[in-house]
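Numbers 345 to 395, taken from this note's numbering, label the letters of the sequence shown in order.
Below is one structure, written out as structure tokens; the observations come after it.
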Amino acid sequence: LTLILTEGFGVNPIPVETFTAFRELSGKLACIDGTTHIRSRSLRPEIIVPL
């Protein structure tokens, strides 16, 4: 199971732009890569959705 958190975790609301983008992509096929290298900051999690 891969879970990617964006802004809006905790007491801060998710930005409207981020929420709108995810809502528009709802139901579409997506690839999620949760791989990270936190110390080197060279690899971050990503969500890829073909348009």
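Where a beta carbon is used, it is the ideal one built from N, C-alpha and C, also for glycine.
Keep in mind that this is a model prediction, so the values were computed, not measured.
Check whether the Cβ atoms of residue i and residue j sit closer than 9 Å, and answer yes or no.
i    : j    : result
I348 : P389 : yes
T346 : I382 : no
L373 : V360 : no
T364 : E351 : no
If residue i sits next to residue j, beta carbons under 8 Å apart, how far is it from one beta carbon to the other, in whole angstroms?
i    : j    : result
T379 : L387 : 6 Å
In its own chain, which residues sit with a C-beta less than 7 Å from the C-beta of residue i, not counting the 5 before and 5 after it?
i    : result
I391 : I348, A374 and I376
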